[in-house]
Amino acid sequence: MGENLSIGIDRPLAFLRGGVLVSDVARFAMLPAASAWAIILALPFFVGPIDVCTARPIGEDLVSRYLVPQLLWILMVTAMMVPLAAPQIKILAARSPTVRRSRSVSLFLFGFLLRWICVGVGIAAAADLIGWPQSSNRMSVSVLYLAAATWQLTEFKKRALNRCHHVAPARALGRAADRDAMCNGWLHGRYCVSSCLLTMLPVSTSKLGPVAMAAVFALLLAERADHRPKLGLSAFVLFLLWINEMA
Amino acid sequence: MAARIRRNVWKLDRSDETLAWYGKAVAALIRRPIEDPSSWRYLAAVHGTPQGMATPASARGYWDQCQHQSWFFLPWHRGYLASFEATIAKTVKDLGGPADWALPFWDYSESLSTERNARLLPSAFVERTLGDGSPNPLWSRRARAPGGNFELDDTAVSTGALRFTNFTNSRPGVPSGFGGPETGFNPGGGDNGGIESVPHNRIHVKIGGDSGFMSDPSTAALDPIFWLHHANIDRLWEVWRNQGPQFQDPSDERWLTSVVFQMHDGDGRPITFRCADMLDTTKVLHGYTYEAVPVAQEAELESVEMAMAGGARPEFGGESEGPVVLTGPTTKADVVLVPPSGLEAATAEPRHVYLNLENITGAGIPGDYLVYIDVPDDDQPTASFIGVMTTFGLERASDKSLSHGGSGLSQVFEITELASQLKLSEANVSRLKVTFVREGVAKADADAPAELADYAAVQRKPANVTVGKISLFYD
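So the protein sequences, as listed, match chains A and B. Throughout the first sequence, residue numbering follows our numbering, covering 1 to 247 in sequence. Throughout the second sequence, residue numbering follows our numbering, covering 1 to 475 in sequence.
Structure below.
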């Protein structure tokens with residue numbers, strides 16, 4: 001099968017088509033995301049019980065307080081966010097010379113993840129100041145779920161989601177290509193953060209761990225894949241997750 | 001009931017009343033409130049609504065549904081035309097007209113030797129008033145064109161798209177076939193299929209001019225000629241399919257059944273349809289056929305042989321040094337060429353060469369651009385025409401708040417023959433000059449039918465166009 005690619009609305013579900021295993025999407029988006037998922041699921045078996053879905057400190061020393069949480073955060077956004085950028089990755093790869101394809105996509109991913117890393121650092125810094133919401137604290141968990149569900153129903157969410165379908169032009173040769181790839185990744189990261197961050201936050205306090213991650217990932221993937229995203233349904237699923245948290 | 005027969009508007013007898021009844025029905029529909037699914041404004045809103053027009057809750061999922069730059073372009077518009085035709089036909093019947101009224105088509109591509117008026121707007125649409133001095137319901141806000149002559153040249157009415165043997169194509173860097181690129185539900189943005197680009201887009205902007213209804217997808221269906229234009233595009237789909245067994249619609253379930261569209265029938269009842277329901281015109285809603293769907297004129301049609309999905313990936317061959325802002329009547333841009341470097345370049349001579357115009361964004365109604373290429377260091381520069389960059393739907397495709405994210409339009413031209421003449425794939429040719437010549441748009445009438453005056457009052461943004469990148473691909 002050939003690759004499904006169009007400049008307009010190129011829906012991520014297209015990468016479920018045959019032949020995808022050899023496509024750029026598989027190499028550049030699915031492989032890193034699948035690896036991140038594998039590590040997240042395997043980590044508790046190697047290091048014992050660990051809250052893998054947060055950017056929160058796991059200890060008082062510098063490494064436990066800052067470095068490990070950020071690494072976990074990067075794992076989480078790689079697992080959940082990189083697949084959502086599949087259409088942009090496909091187009092960038094397709095429009096790059098063969099010899100530069102990996103380089104351009106890597107720079108795009110670097111810019112994209114850098115945006116999320118900055119957000120993770122920001123969340124950690126803010127939470128350091130005001131205190132981390134605890135999963136045992138029903139009030140803080142409920143507030144985050146309520147905010148996420150409400151966000152799904154706003155016009156702002158719809159607009160932010162629409163922007164996630166933007167594909168910026170990128171040059172393919174020389175330093176300009178490197179700059180464009182990274183800047184486009186950074187820009188797409190901004191659109192992605194705007195649309196998804198509030199939906200991601202409840203995951204960071206969830207006691208459901210990877211189950212909550214998987215559920216929210218499915219929501220985010222579905223809303224990207226559908227021209228008429230059922231954001232009300234997303235809000236309802238978040239409500240069900242909240243019920244589970246409270247149970 | 002037998003299928004309705006859609007006839008060529010320029011072949012109607014003088015005594016034929018098809019257009020007279022059409023006018024009466026339009027006048028009736030235009031008086032209905034916009035909330036009524038059988039009203040003129042509701043039907044137009046199904047195609048698109050001007051920015052700022054609120055969609056009532058009852059119309060969600062019905063308005064702003066037009067499919068452009070997509071492989072759904074033809075089937076969606078087929079369903080749309082059938083819905084419209086059913087509404088008009090019912091109104092005609094209710095007004096005492098014939099029970100078998102069918103929408104005529106305007107075949108502006110017909111040879112002038114067989115129909116010298118083919119490129120003129122049918123006369124019933126030209127005058128503002130009827131013989132009795134009353135407003136002509138078929139008149140609309142259009143480019144000023146004395147006698148209905150919109151100066152439709154060969155580049156506007158070309159049916160070259162019929163030579164595509166593939167309906168769609170999703171490989172990067174190559175044209176999207178006859179019908180358009182594979183997409184999900186797509187209200188615009190990306191590259192046009194061959195038939196959508198020319199004649200569809202060209203006719204829209206030629207008729208609409210700088211501010212007429214036809215120039216903008218959000219108002220186009222307010223003009224009664226829109227429907228005859230689209231009936232012709234729909235007819236050309238039948239012509240394309242009738243050329244031979246190699247001209248096949250997609251058999252992919254994602255095209256046939258995965259997307260459901262919704263509209264209303266002639267009685268105002270909601271209906272749904274999929275592409276699979278649009279393949280046999282005699283079974284589309286009330287059913288219809290076209291009068292004399294001609295086969296291709298050429299005995300042996302030279303088809304545009306397209307690399308189908310599953311072929312090798314086209315290889316990048318060059319790009320412009322940045323975005324190209326189209327200012328003034330002529331804009332020139334250089335494309336830096338690189339030798340094909342990938343595995344795909346194993347053959348010495350590329351089978352196909354494509355020039356891509358990516359991320360065409362802008363505002364207003366700039367009109368179309370004639371595109372030429374040349375090698376700048378050639379001793380005797382003689383720019384060669386490669387095609388028309390159409391801009392119908394530009395503003396909508398550039399709107400970041402819409403569901404395509406504002407990536408703009410794109411366009412692909414096959415330049416294989418010229419590339420061979422210019423020796424583009426040889427190492428000593430380092431640059432290609434691309435010239436955009438603005439065709440300009442005719443000034444449109446300032447006023448509109450009285451009932452639609454509020455649409456005409458919308459201020460248009462000044463026209464501007466930027467081509468995000470020009471690139472070259474070898475296949």
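C-beta: ideal position from N, C-alpha, C; glycine also.
Spatial distance of residue i from residue j (CA atoms)
i, j, result
"ALA38 of chain A", "LEU71 of chain A", "15 Å"
"LEU75 of chain A", "GLY177 of chain B", "41 Å"
"SER111 of chain B", "ARG241 of chain B", "20 Å"
"ILE233 of chain B", "ILE195 of chain B", "7 Å"
"VAL92 of chain B", "ALA20 of chain B", "10 Å"
"ALA276 of chain B", "ARG78 of chain B", "12 Å"
"GLY212 of chain B", "ALA118 of chain B", "21 Å"
"ASN464 of chain B", "LYS283 of chain B", "44 Å"
"ALA250 of chain A", "VAL63 of chain A", "Nothing can be reported for residue 250 of chain A: it is not among the residues displayed for chain A, which extend from 1 to 247."
"SER96 of chain A", "ARG171 of chain A", "8 Å"
"LEU130 of chain B", "ASN136 of chain B", "5 Å"
"ALA168 of chain A", "ALA27 of chain B", "45 Å"
"THR435 of chain B", "VAL371 of chain B", "6 Å"
"ILE5 of chain B", "GLU238 of chain B", "14 Å"
"PHE317 of chain B", "PRO33 of chain B", "A small correction: the amino acid at residue 317 of chain B is Gly; Phe does not occupy that position in the sequence shown. Spanning the two alpha carbons is a distance of roughly 55 Å."
"GLN421 of chain B", "VAL429 of chain B", "12 Å"
"ASN149 of chain B", "VAL9 of chain B", "16 Å"
"PRO83 of chain A", "PHE217 of chain A", "9 Å"
Residue-level contact to chain A via CB, residue i, 9 Å cutoff
i, result
"PHE273 of chain B", "no"
"HIS200 of chain B", "no"
"GLU319 of chain B", "yes"
"GLY322 of chain B", "yes"
"PHE351 of chain B", "Reading off the sequence shown, one finds Arg at residue 351 of chain B, where the question assumed Phe. Cβ-Cβ to chain A under 9 Å: no for ARG351 of chain B."
"LYS469 of chain B", "yes"
"GLY131 of chain B", "no"
"PRO137 of chain B", "no"
"VAL336 of chain B", "yes"
"GLY194 of chain B", "no"
"PRO127 of chain B", "Just to set this straight, residue 127 of chain B is Glu in the shown sequence, not Pro. No - not a single Cβ of chain A is within 9 Å of the one on GLU127 of chain B."
"GLU316 of chain B", "Inspection of the sequence shows that residue 316 of chain B is occupied by Phe rather than by Glu. Answer yes: the Cβ-Cβ gap between PHE316 of chain B and chain A drops below 9 Å somewhere."
"MET306 of chain B", "With a pLDDT of 43 at MET306 of chain B, under the threshold of 50, the modelled position of that residue is not reliable, and the figure given next carries that caveat. It does not: the Cβ of MET306 of chain B has no partner Cβ on chain A nearer than 9 Å."
"ARG313 of chain B", "yes"
Burial state of residue i, where buried means 16 or more other Cβ atoms lie within 10 Å
i, result
"ARG14 of chain B", "exposed"
"LYS90 of chain B", "buried"
"ILE91 of chain A", "buried"
"GLU85 of chain B", "buried"
"GLY185 of chain A", "buried"
"THR199 of chain A", "buried"
"VAL22 of chain A", "Residue placement at VAL22 of chain A cannot be trusted, given a pLDDT of 46 that sits under 50; what the coordinates show is reported in the next sentence. By the 10 Å Cβ count, VAL22 of chain A comes out exposed."
"LEU233 of chain A", "exposed"
"PHE473 of chain B", "buried"
"ASP128 of chain A", "exposed"
Residue(s) in a DSSP beta bridge with residue i
i, result
"GLU358 of chain B", "B:LYS469"
"PRO270 of chain B", "B:HIS264"
"ASN232 of chain B", "Bridge partners of ASN232 of chain B: none, in fact."
"LYS332 of chain B", "B:THR435"
"THR289 of chain B", "B:ILE5"
Test: residue i CB closer than 9 Å to a CB of chain B
i, result
"ASP226 of chain A", "yes"
"ASN162 of chain A", "yes"
"THR98 of chain A", "yes"
"ARG27 of chain A", "no"
"LEU173 of chain A", "yes"
"VAL167 of chain A", "yes"
"PHE15 of chain A", "Any reading at PHE15 of chain A is ruled out, since the residue's pLDDT is 41, under 50, leaving its predicted position unreliable."
"ALA94 of chain A", "yes"
"GLY232 of chain A", "no"
"PHE236 of chain A", "no"
"ILE255 of chain A", "Not covered by the structure: residue 255 of chain A. The range shown for chain A is 1 to 247."
Check each residue of the region 181–193 of chain A: if its Cβ is closer than 7 Å to any Cβ of chain B, include it; give the result in chain order.
-> none
Report the residues of the region 177–190 of chain B with a CB closer than 8 Å to any CB of chain A, ordered along the chain.
-> PRO181, GLU182, THR183, GLY184, PHE185, ASN186, PRO187, GLY188, GLY189, GLY190
Report the residues of the region 395–428 of chain B with a CB closer than 7 Å to any CB of chain A, ordered along the chain.
-> LYS400, SER401, LEU402, SER403, HIS404, GLY405, GLY406, SER407, SER410
Proximal residues, the region 235–256 of chain B versus chain A, C-beta separation under 8 Å = none
According to a CB-to-CB cut-off of less than 9 Å, which residues of the region 109–120 of chain B neighbour chain A?
-> none
Contact residues within the region 455–466 of chain B, judged by C-beta distance below 8 Å to chain A | none
Would you list, in chain order, the members of the region 354–372 of chain B that have their beta-carbon closer than 7 Å to a beta-carbon of chain A?
-> GLU358, ASN359
Using a Cβ-Cβ cut-off of less than 8 Å, give me the residues of the region 437–455 of chain B that come near chain A, in sequence order.
-> none
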